[in-house]
Amino acid sequence: MSKKQKIEEIAERSYEPADYEKNDETSQGLSVTHEQVSDTMTEGSIDGNIDQLDQDGNLISHEGKPLSRERFSKYKK
Numbered sequence: 104m105s106k107k108q109k110i111e112e113i114a115e116r117s118y119e120p121a122d123y124e125k126n127d128e129t130s131q132g133l134s135v136t137h138e139q140v141s142d143t144m145t146e147g148s149i150d151g152n153i154d155q156l157d158q159d160g161n162l163i164s165h166e167g168k169p170l171s172r173e174r175f176s177k178y179k180k
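Structure below.
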């Protein structure tokens, strides 16, 4: 496979849930990016902290519990 073909193959890849289980650089990168997008959609940032809310859903603090990143031990903060 030529370098150009390999680049095109990588460029055409998109996230798949199975990427979490794979160890190649592209799959791990897609998994981390997917997790960051998910965090951003959920919390508004990629830091992965869950806001503290009261029982009625009102914000108590932005100093919440960090999300687990065990799946990405290579990329832990």
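The sequence shown runs contiguously to residue 180 in my numbering. C-beta: ideal position from N, C-alpha, C; glycine also.
| Does DSSP put aspartate 122 in a helix, a strand or coil? | Position 19 of the sequence shown holds residue 122. Here aspartate 122 sits in helix by DSSP.
| request: Go ahead and label aspartate 122 buried or exposed: buried means 16 or more other beta carbons lie within 10 angstroms of its beta carbon, across all protein chains shown. | output: On the sequence shown, residue 122 is found 19 positions in, with the first residue counted as 1. Answer is buried; the Cβ neighbour count reaches 16.
| query | Under a Cβ-count criterion, where at least 16 other Cβ atoms within 10 Å of its own Cβ denotes burial, should serine 134 be classed as buried or exposed? | reply | Locating residue 134 in the sequence shown gives position 31, where the first residue counts as 1. Per the 10 Å Cβ criterion, buried.
| Limits of the alpha helix (DSSP H) - the one that glutamate 115 falls within | Translated into the one-based positions of the sequence shown, residue 115 becomes position 12. Note, glutamate 115: premise wrong, no alpha helix (DSSP H); not H, not E.
| task | Consult DSSP for aspartate 154 and reduce its assignment to one of helix, strand or coil. | result | Along the sequence shown, read from residue 1 onward, the residue named residue 154 stands at position 51. In the three-state scheme derived from DSSP, where H, G and I count as helix and E and B as strand, aspartate 154 is classed as strand.
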